[in-house]
Structure formats: C-alpha cells, structure tokens
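Here is the structure we will look at.
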Amino acid sequence: MVGVLGLLQACSAVKLAYNQAPELAYWYLDGYVDFSSAQSAQVKDELTKLHAWHRQTQLPGYISTLQKLQQQMPHDISAQQACTTLSEVRQKALAISVQAEPSVLVIVSTLTPVQLARLERKFEKTNVEYREDYLDGPDNAPGSAGTKRSKRYKQVLSRTEMLYGKLSDKQRELLTQAIDVSSFDAARGYVEKQRRQRDTLQSLRALASAPGGNEALDNAKLALRSLVNRSFQSPDASYRDYIDALTQEGCKTFADLHNAATPAQRDKAIDTLGGYERDLKALLGTAGKG
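FYI, in the working numbering the residues of the sequence shown are -7 to 282.
Structure below.
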C-alpha cells in the first residue's frame, strides 16, 4: 500500500524540491562519506548531469503514468491494475540507478578506507534508529507492536487522504483491518537491511581497491550492476516471496480503498493527479533554463 502511494508523495514534493535535487542529493551523500574537495566537485558535476538526463528523459514517463491514473480514477480498479502501476514506478527507479552507474563507478574508485569506515558507522547509526522505531521497546512504547501499527496506519492514512481527501469512518476501518492482517515483518526487513549494507560495503571496498585496465573496468562494471540488482531483488528467495506477498496485499488494499471511494473522492483524486501532472509539465518546460 505504501509503495503504491509512494509515487504520489514524491509528486507532492517535486514542485518545491526538483530543481534543487542535485544539491540535496549531494548533501545527503556527503553525510555518509564526507567527500574531499576534489570529490565534491566531481560528484556535483555528475549529479547535475544525471538531473538533466532525468528531466529530459524520465519526466515524460511520469506524466504518462499520471495521465493513465487519472483515466482510471472514475472506475473501480483491480489489485492487478494497482500492481501494474507500482511495477512501472519501480522500473523508473531502476532506470535511474542504471543511468548513474558510470558516474558511481568513477567516484567509488576514489573512496578511501577512512570514508568507507565512515559509511559503515553511518549504517550502524541508521540501524539503531530502525530498531528504536520498529523493533525495540515494551508495549505502547516506540517499537512496540501497537505503536508500529499506529505509525503505519497514520502513514498510509496521510498518503491516502492526500489523494482522495478525508476518509469516512468505514474507509478508515477498512484500512485498519488491512494493516492488522498485513504480513509486514519489521524484523525480517531489518535482516535484509543489514544484508544490503554488508553487500554494499564489501562491494565498494573491492571496487575502491581494484586495479586499472580495461579488463578490471569491465569487471567493476559487472560488480556494480550486480550490486544494484541485488539491492532491487534480494538473493534470499524467502525474502523475495515475502516482498511479493506484501506487495500483493498493498495492491489489494489500495484497490479496495479506491473502490470504496465516493464520486466526490474520486473527483478529488483526479484533481490531485492533474495538479501533479501540471507541475511535472512545468518542470519539463524549464529544461535547459538553469
């Protein structure tokens, strides 16, 4: 459910933040590794180029997705239709990662052991925060089952009402029931989070210390692509099955909520999506204008 609505949350912020995306991305990455002066200039340049590519080649696809969603809003939808939209969004995210690979490879080759150690400490800090939010704590404290459900409910409710407007008591009860029976497992997510961190650190350390030469470069490209693929699709078959089940649940919940929406709520959804479409078209029209 959260994944299906993720595109809409991104759209709501895009008008304000899109033109500042390279700078925001730089400061986010710098917080993990603390770039040197030379690295900073290179990273900023690569992010600017990636942003220009994204504006020119990816925004039209987002606009198309928003247009299709508007056409669907007056009608009931199936869970499969919701999952198709989610799959499109995931493919767009993967496209960004693939486009960024050459730039990432160049920058990773300059990372020092000190910077990679800083990255490891940053991962450890995010793990502490994750445990505090989702795993630790007695009943009714942060990390308790009741608090976790309440937090997830508030997140999904906020994103749903951002699209449809205020939900009725009956619709809220539908959402509560879906979250209560969800197979969401924070502990399982934490194990996968740690696996990705170990995988990332091991891969980056190998890439940073790799020798030069064409053969080594080809191997490095393959290693980075493999890391990206493992990040999007876990090598753990049981975790993939878990994610598939969770995704199907989310798509069904989204479809159920939409199908319970009133005509006024569906009109509100069309207006909201239309506003996002106009914002993206405006951004697309400013391509090349700085």
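Ideal Cβ placement from N, Cα and C applies to all residues, glycine included.
Counting along the chain, where does the alpha helix (DSSP H) carrying residue i start and finish?
i           : result
residue 259 : 255 to 277
residue 240 : 229 to 251
residue 321 : Since the first and last residues shown for the chain are -7 and 282, residue 321 lies out of range.
Among the candidates the options, whose CA atom is the shortest distance from the CA of residue i?
i           : options            : result
residue 314 : 154, 117, 32       : Given that the chain is displayed from residue -7 to residue 282, the structure contains no residue 314 and the question cannot be resolved.
residue 104 : 172, 234, 198      : 198
residue 69  : 271, 263, 246, 257 : 246
residue 218 : 185, 62, 97        : 97
residue 291 : 85, 127, 152       : No statement about residue 291 is possible, as the shown extent of the chain runs from -7 to 282 and does not include it.
residue 257 : 115, 86, 153       : 153
With DSSP run on the structure shown, which of helix, strand or coil describes residue i?
i           : result
residue 167 : helix
residue 65  : coil
residue 192 : helix
residue 93  : helix
residue 201 : coil
residue 179 : helix
residue 280 : Because the pLDDT at residue 280 is just 44, under 50, the model does not fix this residue reliably, and the value given afterwards should be weighed accordingly. Of the three classes helix, strand and coil, the one that applies to residue 280 here is coil, per DSSP.
residue 114 : helix
residue 158 : coil
residue 107 : helix
residue 35  : helix
residue 132 : Because residue 132 sits at a pLDDT of 46, beneath the cut-off of 50, its placement in the model cannot be relied upon, and the point is left open.
residue 173 : coil
residue 102 : coil
residue 218 : helix
residue 83  : helix
Quick test of your reading: residue i and residue j, contact by CB under 8 Å. State the CB separation rounded to the nearest angstrom.
i           : j           : result
residue 64  : residue 73  : 7 Å
residue 349 : residue 234 : Beyond the ends of the chain as shown, which are -7 and 282, falls residue 349; an answer cannot be given.
residue 156 : residue 260 : 6 Å
residue 42  : residue 91  : 7 Å
Original post:
Looking at C-beta atoms only, is the number of pairs between the region 24 to 37 and the region 108 to 125 that lie closer than 8 Å three or more?
Top reply: Remark: three or more beta-carbon pairs, one from each stretch, lie closer than 8 Å, so the region 24 to 37 and the region 108 to 125 are flagged as touching.
**OP:** Specify whether the region 249 to 257 and the region 162 to 177 touch according to this definition: at least 3 beta carbon pairs, one from each stretch, less than 8 Å apart.
**Re:** When Cβ pairs closer than 8 Å are counted between the two stretches, the region 249 to 257 is seen to touch the region 162 to 177, the count reaching three or more.
Subject >> Cβ pair count under 8 Å reaching 3, the region 259 to 278 against the region 48 to 65 >> reply: The region 259 to 278 is in contact with the region 48 to 65.
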